[in-house]
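Presented below is the structure to which this report refers.
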Amino acid sequence: MAELAADTILRVEGLKKHFPVRRGLLQRVVGSVKAVDDVSFSVQQGRTLGLVGESGCGKTTTGRMILRALDPTAGQVWFRQSDGQVVDMAALRGAEIKQARRDMQMIFQDPYSSLNPRMPVMDLIAEPLRARGWTRPDCESRVAELMDLVGLDARMIRRYPHAFSGGQRQRIGIARALALKPSLIVADEPVSALDVSVQAQILNLLQALQQDLGLTLVFIAHDLSVVRYLCDQVAVMYQGRIVEQGESEALFTAPRHPYTATLLQAAPAPDPHVPWMQDIDETETEAGDTTAPVELVDGTTAAGGCAFVPRCAHATDLCRQQGPILMPGSTRESQVQYGAAHLAACHHQDELQLRGI
Ligand SMILES: Nc1ncnc2c1ncn2[C@@H]1O[C@H](COP(=O)(O)OP(=O)(O)OP(=O)(O)O)[C@@H](O)[C@H]1O
Ligand SMILES: [Mg+2]
């Protein structure tokens with residue numbers, strides 16, 4: 454059993470997910486997409502970690518592996534259950550997974566497609582309770598309580614999803630996620646499908662719930678402005694790896710990786726509306742329809758050295774030859790200013806004077 458620091462609820466170590474890439478009539482495996490490639494981070498109880506990066510960088514895949522909705526290729530996901538027991542989600546089987554999942558839930562990006570249109574709100578929110586044997590009257594009073602908690606009128610309990618606005622549907626999704634009183638929530642771009650005016654309401658709700666219920670949150674986003682508002686810590690992902698990680702404020706005011714600086718300067722991009730890949734067959738992906746690095750079977754990678762080189766204004770020969778490791782800055786100044794908890798995977802992190810916001 455792993456040691457988890459007393460204040461830590463989740464520690465992900467060396468997490469990888471490689472999807473097979475198939476080609477041709479016989480669908481032979483010709484390589485793999487390294488959707489998530491050696492990701493490690495921890496989250497303390499009651500805090501929020503933002504997982505940020507552009508479309509296809511592996512955020513959802515990471516989130517789904519935390520809940521073991523997807524089997525990792527390698528790595529561990531240490532999680533402290535509400536009974537105090539520390540388990541490795543990646544190594545659990547059958548009933549053990551179900552048991553551990555009681556304490557963790559996921560909120561999805563698209564409140565339109567993640568709710569079954571043929572189920573009334575009562576059944577949608579009560580589904581996880583029913584699955585655990587709750588009686589109908591018990592479900593009904595718990596659902597009314599949950600609707601109240603997320604700011605929905607409990608008189609609408611018999612209505613169907615189409616009667617609700619996008620923001621209200623996301624509230625239904627949140628109520629459903631809270632039904633079993635989880636301690637950890639992975640929120641996968643919970644506001645990016647919503648109108649800007651509604652986004653703030655849902656973010657406020659999540660923040661209030663987190664404080665009132667002592668929830669720990671892993672918040673996935675591609676919009677950094679949202680993350681700054683909500684998150685204590687941020688991990689920036691690029692092509693399946695974490696390229697920068699640190700306390701939110703340090704990362705926003707003094708980014709140490711050129712990619713983070715690019716994200717900070719970029720205006721919020723239109724949302725690609727990538728659906729949640731719940732039931733996608735792993736064999737369906739064709740080579741070429743991915744932005745994650747594809748490794749061919751003989752072990753050669755599409756890009757040598759640092760993966761960010763093609764887009765980096767500061768790249769040198771060293772960057773082209775050698776992949777950088779995620780580590781703290783080595784100068785005394787950087788250690789004092791940012792603390793050892795601020796890590797970047799960039800050979801030149803000490804020299805670059807990147808602009809924060
Ligand atoms: N079931 C699958 N089979 C094959 N490849 C997959 C599968 N699921 C994801 N991928 C690939 O893994 C990579 C990471 O995908 P993921 O959905 O985790 O990205 P993301 O960061 O959540 O992107 P977005 O912001 O668009 O939601 C992508 O290149 C994607 O094409
Ligand atoms: Mg995603």
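Under the numbering used here, the first residue of the sequence shown carries the number 454, and numbering increases by one thereafter.
C-beta: ideal position from N, C-alpha, C; glycine also.
With a beta-carbon spacing of about 7 Å, Val-689 and Leu-716 fall inside the 8 Å limit used to define contacts. When the five nearest sequence neighbours on each side are left out, the beta carbons in the same chain lying within less than 7 Å of the beta carbon of Leu-599 are those of Ile-578, Ala-628, Leu-631, Ala-632, in order along the chain. According to the DSSP secondary-structure assignment, Arg-500 is paired through a beta bridge with no residue. With fewer than 16 other CB atoms across the displayed protein chains lying within 10 angstroms of its CB, Leu-771 is exposed. In this structure, the beta-carbon distance from Ser-636 to Arg-500 does not fall below 9 Å. Relative to ligand 1, Ser-594 has its C-beta separated by 8 Å or more from all heavy atoms.
Sorting Leu-468, Ser-678, Ala-707, Arg-694 by C-alpha distance to the C-alpha of Ser-645 places Ser-678 at the top. Taking a 10 Å sphere around the C-beta of Ala-640, we find 16 or more other C-beta atoms and assign the residue as buried. Excluding residues up to 5 positions away in sequence, Gly-809 lie with their Cβ nearer than 7 Å to the Cβ of Thr-706 in the same chain. In this structure the stretch 603–615 does not touch the stretch 543–554; the number of beta carbon pairs closer than 8 Å is below three. Your pair Val-671 and Gly-620 does not check out as a contact, with CB atoms roughly 22 Å apart and the cut at 8 Å.
Per the Cβ contact rule, the stretch 575–590 is not in contact with the stretch 496–516 (fewer than 3 Cβ pairs under 8 Å). Shown here, Arg-481 sits in a strand according to DSSP, grouped into three states. At a threshold of 8 Å, Val-465 does not count as near ligand 1, since its beta carbon sits no closer than that to any of the ligand's heavy atoms. Here Pro-473 is bridged, per DSSP, to Ser-485.
Taking a cut-off of 8 Å for Cβ pairs, the stretch 559–566 and the stretch 534–546 do not touch, as fewer than three such pairs fall below it. Cβ contact annotation for Leu-502 (same chain, cutoff 8 Å, sequence separation greater than five): Phe-494, Val-496, Leu-670, Val-671, Phe-672, Cys-684, Asp-685, Gln-686, Val-687, Ala-688, in chain order. About 6 Å separates the beta carbons of Trp-531 and Asp-541, which is inside the 8 Å limit, making them a contact pair. Distance from the C-beta of Ile-695 to the nearest heavy atom of ligand 2 is not below 8 Å. By the 16-neighbour rule on beta-carbons within 10 angstroms, Pro-570 is exposed. Under the DSSP assignment, Gly-620 falls in the alpha helix (DSSP H) whose first and last residues are 619–631. The closest heavy atom of ligand 1 lies less than 8 Å from the beta carbon of Ser-508.
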